[in-house]
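To keep things clear, I will list the structure first and then write my remarks on it.
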Amino acid sequence: MHPILFRLGPFTIYSYGVCVALAMLAAFFYTRKNREAQDLLFLLFLSGLAGARLFFVAQHPGDYRLHPWRVFWIQEGGLVWYGGFLTAVAVGALAVRARKGSVLKWADYFSPILALGQGIGRVGCFLNGCCYGKLTGAGTRYPTQLYEMSLLFALAIFLLLGSFKKHRDGQVFAAYLGGYGAIRFLVEFLRGDQELFGMFTLPQWISLVLIFAAFFLNRFSKRKIV
Numbered sequence: 003m004h005p006i007l008f009r010l011g012p013f014t015i016y017s018y019g020v021c022v023a024l025a026m027l028a029a030f031f032y033t034r035k036n037r038e039a040q041d042l043l044f045l046l047f048l049s050g051l052a053g054a055r056l057f058f059v060a061q062h063p064g065d066y067r068l069h070p071w072r073v074f075w076i077q078e079g080g081l082v083w084y085g086g087f088l089t090a091v092a093v094g095a096l097a098v099r100a101r102k103g104s105v106l107k108w109a110d111y112f113s114p115i116l117a118l119g120q121g122i123g124r125v126g127c128f129l130n131g132c133c134y135g136k137l138t139g140a141g142t143r144y145p146t147q148l149y150e151m152s153l154l155f156a157l158a159i160f161l162l163l164g165s166f167k168k169h170r171d172g173q174v175f176a177a178y179l180g181g182y183g184a185i186r187f188l189v190e191f192l193r194g195d196q197e198l199f200g201m202f203t204l205p206q207w208i209s210l211v212l213i214f215a216a217f218f219l220n221r222f223s224k225r226k227i228v
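Right, dumping it as structure tokens:
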């Protein structure tokens, strides 16, 4: 683990924070020729980051009771993906509708870079030592962060190639939802930091919802729902 990359005088450079910054740079490069997309990206990034952090704090309130200011120290890690995803989708949908745009078209547009950004984020998780796997028979842990990273990078390539082909609005986003839902559901079986809620972990239940949503969206994307 390398949660701290290096220190520069009074400043500490955290590996997780660097990976978040790299994911954001990749997103800016992806949207570099689309000013409207960059404006929307900034809004999505802020809302997603806030939502991801708030969900994490809500799940671990005891970690911040004595030091509440640490809520803002996101460079050390502590983000919940589905919290950020739900917040960003809600805020993004409202912003797009306010501009009389198509929510599904924009969701398709951002799907490849979303998967890529998550993959980069998992590198940060690996270096930070969070989201770790169960112990193997050899006494080491499954590098679940790297498993998920590899699958997310593959998903990003698949979505990017698919976005260039003719498709109905919402199909690329549906592929993202189903793809990520399947990836997370499977990787969770090797995770060592999650509690079971019945048969599955909470992220696995959410993954099943994503897979169902992907099926629904792909099935009914011919209709202009949004």
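Each residue of the sequence shown is one higher than the one before, starting from 3 at the first, in the working numbering.
Ideal placement from N, C-alpha and C gives every residue a C-beta, glycine not left out.
Please determine, among the options, the residue with the shortest C-alpha to C-alpha distance to residue i.
i	options	result
Glu190	Leu212, Ala60, Val125 and Thr203	Thr203
Leu46	Ala90, Leu154 and Ser152	Ala90
Ala25	Leu43, Arg221 and Arg55	Leu43
Gly164	Gly50, Gly181, Pro205 and Met151	Gly181
Leu161	Phe214, Leu118 and Leu219	Leu118
Trp71	Arg55, Met3, Leu27 and Lys167	Arg55
Leu48	Pro5, Ser209, Phe214 and Phe87	Phe87
Leu178	Phe214, Arg99 and Arg101	It should be pointed out that residue 178 corresponds to Tyr in this sequence rather than to Leu. Residue Phe214 is the option with its Cα nearest to Tyr178.
Arg221	His169, Leu10 and Phe199	His169
Leu212	Lys35, Gln196 and Gly183	Gly183
Please report the Cβ distance between residue i and residue j, rounded to the nearest whole angstrom; I am assuming they are in contact, meaning their Cβ atoms lie under 8 Å.
i	j	result
Lys136	Gly194	4 Å
Asp110	Val174	4 Å
Gln206	Phe187	5 Å
Gly53	Gly80	Contact doesn't hold; Cβ gap of about 13 Å is too wide.
Asp41	Leu106	Wrong, their Cβ atoms sit about 19 Å apart, outside the cutoff.
Phe57	Val73	Actually they do not touch by this definition, with Cβ atoms about 12 Å apart.
Would you check if the distance between the CB atom of residue i and the CB atom of residue j is smaller than 9 Å?
i	j	result
Phe155	Ala39	no
Leu192	Thr146	yes
Glu150	Gly121	yes
Ala216	Ala158	no
Leu153	Ile185	yes
Ile76	Leu96	no
What I want to know is whether the C-beta of residue i ends up closer than 8 Å to one or more non-hydrogen atoms of the ligand ZN.
i	result
Ala52	As far as ligands go, the structure on display features none, and thus does not contain the ligand ZN.
### Message
Under 8 Å: do the region 115 to 133 and the region 17 to 30 share three or more Cβ pairs, one atom per stretch?
### Response
yes
### Task
Could you name each continuous alpha helix (DSSP H) segment of 4 residues or more that falls completely within the region 96 to 143, going from the start of the chain to the end?
105 to 130
### Query
Taking three-plus beta-carbon pairs below 8 Å as touching, is the region 6 to 17 in contact with the region 51 to 67?
no
### Task
Could I get the ranges of all uninterrupted beta strand (DSSP E) runs contained in the region 167 to 219, with 3 residues as the minimum, in chain order?
none
### Task
Only counting runs of 3 or more residues, tell me where the beta strand (DSSP E) segments fall wholly within the region 57 to 84, in order along the chain.
none
#### Entry: Whole runs of the beta strand (DSSP E) within the region 9 to 56, excluding any shorter than 3 residues
13 to 16
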